[in-house]
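Novice:
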């Protein structure tokens, strides 16, 4: 049994008058890739935003490496080496690719301060980042922006990488590139929590899986078991996937 | 894909407006005088507006109380320059500058310090609530104006130009007032400083990123609130500096002077694109030129002309001349 890195216990989140999460229980084991699946509106994005402190949990606890982070601010959570790639990618369109990367390298004051070895490794994962280094990020294609968003998240070593729907709207070739990159990160020991709608993407990468519905986790277990059980897939995820 | 995709069209608006005005004004010397006056006025408005546009861009805060820092800066200058009469009365420009520089510095320090308190006690409780922001910042400005009257008195106070900055230099047949040249130099220095900080430093990078997507900046581990407080204080200090320049431009100060300039500032930041300092510079120069040309050609439509200018620019670019992405 792997030790848990991130644990959510009975987390509730309200956004204005709406009660979105109804007691989420989730365990993300250290060093594994956990897929968070579910239909649209199931509460996946809200769960990620609540973990990052972008929306406050109204009840329950979020623990990271044994410490309670429920009441921490987003910058404090990020300082624990938790990186987040939102569904919108969060690219700063008016800045260049280099400037986007420099912002994420928190200890670097200028581009020359960034870790050269790590940068070269990132360039091998995402060649587009190197190719368009001095270009405005707003001019990149959707796939290139997604690569930049993930590259930015890993410019510094991270304990946990949280990514919201990385395959959304991407061409199959780009999706394969993303799968290779996440597999490489996993081999490097990074713990990853990934929200996904694409079941094939999930099957190829996931170690463990949690399925959400109506603001709760309704199933958790190994990805392999879910991938091999079509009836369970149909029951939990419907045919939309 | 081009590496640099600079949008030059808004920049071209300034010479285009000046060239359109040339045949209307008729005399080349009058046109040059008006153009330099317009650029000087534009630079002073830019100094005031640059901080306000960043405050709005970074935290969506509508600060209608910005004018109080303008008045405060101008009144502080009356006290400092009044105490340095020997220096301001000298015919030598360097002695005048020795007096004006500490007046600017102290005005900026006082306006910045009051800005810090203004952010803490007036703006912070109403983050994310635009209607309350408008009401409470306007209320804050009224209170600020009344406090200025308590300290300096309710009457208009003269702020005469130092001796060496009075008069004009002749460029051909055109008379160009010396102070307007000083205003252009100070404005360019402020723009250069802001451009350097925003374009060449990590803090500047954070401000530009925060204007686009503050939530993502926080997710990367930066405390945007601290950054905002810093920008608010610097914006207030720049408004104080602008107040010194505006007071010297008008050669007198009243407690309501900030409120009078407020309309022009908001026209400038809307023309420029909310959150864009480059856009604020273009907007300020256009407003300054338009005010001077129409003031000469048709004084009765001078204020309307700037509102008309804003309407025309927004019909062309509804988000302003340099819209900030992601907003």
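Residue numbers (the numbering used here), protein chains in the order written: chain A, 18 to 258; chain B, 267 to 593. Glycine is no exception: its CB is placed at the ideal position from the N, C-alpha and C atoms. Just so we're clear, the structure is a prediction, and the values are computed from it rather than from any experiment.
1. Using 8 Å as the threshold, is the C-beta distance between residue 80/A and residue 24/A below it?
2. To the nearest angstrom, report how far apart residue 338/B and residue 574/B are at their CA atoms.
3. Using a Cβ-Cβ cutoff of 7 Å, what residues of the stretch 485 to 503 of chain B are near chain A? List them in chain order.
4. Excluding the five sequence neighbours on either side, which residues of its own chain have a C-beta within less than 6 Å of the C-beta of residue 98/A, listed in chain order?
5. Does DSSP put residue 136/A in a helix, in a strand, or in coil?
6. Determine the direct distance from the alpha carbon of residue 109/A to that of residue 45/A, and round the result to whole angstroms.
7. Counting pairs of Cβ atoms below 8 Å between the stretch 395 to 408 of chain B and the stretch 326 to 345 of chain B, do you hit three or more?
8. Residues of chain A with a CB under 7 Å from the CB of residue 474/B: which are they?
9. Say whether chain A places a C-beta atom closer than 8 Å to the C-beta of residue 478/B.
10. Which runs of the alpha helix (DSSP H) spanning at least 4 residues fall entirely within the stretch 132 to 198 of chain A, listed in chain order?
11. Between residue 503/B and residue 558/B, what straight-line distance do the alpha-carbon atoms span, to the nearest angstrom?
12. Please classify residue 80/A: does DSSP put it in a helix, a strand, or coil?
13. How about residue 92/A: is its C-beta nearer than 8 Å to some C-beta of chain B?
14. How far does the alpha helix (DSSP H) with residue 542/B in it extend, from its first residue to its last?
15. Which term fits residue 275/B, buried or exposed, when burial requires 16 or more other beta carbons within 10 angstroms of its beta carbon?
16. With a cut-off of 8 Å, does the C-beta of residue 135/A fall near any C-beta of chain B?
17. Residue range of the beta strand (DSSP E) that residue 230/A falls in?
18. Give me, in chain order, the residues of the same chain whose beta-carbon lies closer than 6 Å to that of residue 360/B; leave out the 5 immediate sequence neighbours on both sides.
19. Do residue 586/B and residue 542/B have their C-beta atoms closer together than 8 Å?
20. Mind checking whether residue 184/A and residue 172/A have CB atoms under 8 Å apart?
21. Do residue 48/A and residue 206/A count as a contact pair if the criterion is CB distance below 8 Å?
22. Listing by chain order, which chain B residues have their CB less than 9 Å from the CB of residue 95/A?
23. Going by CA-CA distance only, name the one from 96/A, 61/A and 117/A that's closest to residue 153/A.
24. Is it buried or exposed for residue 257/A, if we count other Cβ within 10 angstroms and need 16 for buried?
25. According to the Cβ coordinates, are residue 100/A and residue 196/A closer than 8 Å?
26. How do the stretch 437 to 448 of chain B and the stretch 300 to 309 of chain B stand: do at least 3 beta-carbon pairs fall below 8 Å, yes or no?
27. Using beta carbons (cut-off 8 Å, strictly below), is residue 481/B in contact with chain A?
28. Quick one: residues in its chain with C-beta nearer than 6 Å to the C-beta of residue 579/B, no 5 flanking neighbours on either side, listed in chain order?
29. Helix, strand or coil: how does DSSP classify residue 257/A here?
30. Whether or not the stretch 84 to 96 of chain A and the stretch 58 to 71 of chain A are in contact is what I'm after, with contact meaning three or more pairs of Cβ atoms, one per stretch, closer than 8 Å; do they touch?
31. Could you pull out every residue in the same chain whose Cβ sits closer than 6 Å to the Cβ of residue 324/B, ignoring the five residues on either side in sequence?
32. Could you tell me if residue 393/B is buried or exposed, where buried requires 16 or more neighbouring beta carbons within 10 angstroms of its beta carbon?
33. Per DSSP, residue 85/A is paired with what?
34. My understanding is that residue 535/B touches residue 403/B, with C-beta atoms under 8 Å, so please give their C-beta distance in whole angstroms.
35. Measure the beta-carbon distance from residue 29/A to residue 77/A and round it to whole angstroms, keeping in mind my assumption that it falls under 8 Å.
36. Can residue 346/B and residue 379/B be called in contact, C-beta distance under 8 Å?
Specialist: In this structure, then:
1. Yes; because the gap between Cβ atoms is below 8 Å, this pair is in contact.
2. Between residue 338/B and residue 574/B, the C-alpha separation is close to 30 Å.
3. Against chain A - using a Cβ distance shorter than 7 Å - the residues of the stretch 485 to 503 of chain B are 485, 486, 487, 488 and 489.
4. The answer, listed in chain order, is 175 and 176.
5. When secondary structure is reduced to three states using DSSP, residue 136/A falls in the helix class.
6. Those two C-alpha atoms are separated by around 29 Å.
7. Short answer: they touch.
8. Per Cβ cutoff of 7 Å: 111 and 112.
9. The beta-carbon of residue 478/B is placed less than 8 Å from the nearest beta-carbon of chain A.
10. DSSP runs (the alpha helix (DSSP H)) wholly in the stretch 132 to 198 of chain A: 133 to 142, 144 to 148 and 159 to 170.
11. Going from the Cα of residue 503/B to the Cα of residue 558/B covers about 27 Å.
12. Residue 80/A falls in the strand class under three-state DSSP.
13. Interface residue, yes.
14. Run containing residue 542/B: none; DSSP gives neither H nor E here.
15. With fewer than 16 other Cβ atoms within 10 Å, it is exposed.
16. So, not an interface residue.
17. In the DSSP assignment, residue 230/A falls within the beta strand (DSSP E) that extends over 225 to 230.
18. Excluding sequence neighbours, residue 360/B sits near nothing in its chain.
19. Yes, the Cβ-Cβ distance between residue 586/B and residue 542/B is below 8 Å.
20. Against a cut-off of 8 Å, the Cβ pair of residue 172/A and residue 184/A comes out as no contact.
21. Contact: yes.
22. Neighbourhood of residue 95/A in chain B, by CB distance below 9 Å: 484, 485, 486, 487 and 488, in chain order.
23. Among 96/A, 61/A and 117/A, the Cα nearest to that of residue 153/A belongs to 117/A.
24. Note that residue 257/A has pLDDT 42, beneath the 50 cutoff, so the model's placement of it is unreliable and the number below is only indicative. Label assigned to residue 257/A: exposed.
25. No, they are not a contact pair.
26. Flag = yes, the stretch 437 to 448 of chain B and the stretch 300 to 309 of chain B touch.
27. So yes, residue 481/B belongs to the interface.
28. Here the set comprises 537.
29. Residue confidence for residue 257/A is low, a pLDDT of 42 falling below 50, so the modelled location carries little weight and cannot support an answer.
30. With a cut-off of 8 Å on Cβ pairs, the stretch 58 to 71 of chain A is in contact with the stretch 84 to 96 of chain A, counting three or more such pairs.
31. Excluding sequence positions up to five before and after residue 324/B, its CB lies within less than 6 Å of the CB of 476, 477, 494 and 497, all in the same chain and listed in chain order.
32. By the neighbour-count rule (16 or more Cβ atoms within 10 Å), residue 393/B is not buried but exposed.
33. Residue 85/A is bridged by DSSP to 80/A.
34. Contact between residue 535/B and residue 403/B is ruled out by a C-beta separation of about 15 Å, above the 8 Å threshold.
35. Right, their Cβ atoms sit about 6 Å apart.
36. Cβ distance not < 8 Å, so residue 346/B and residue 379/B don't count as in contact.
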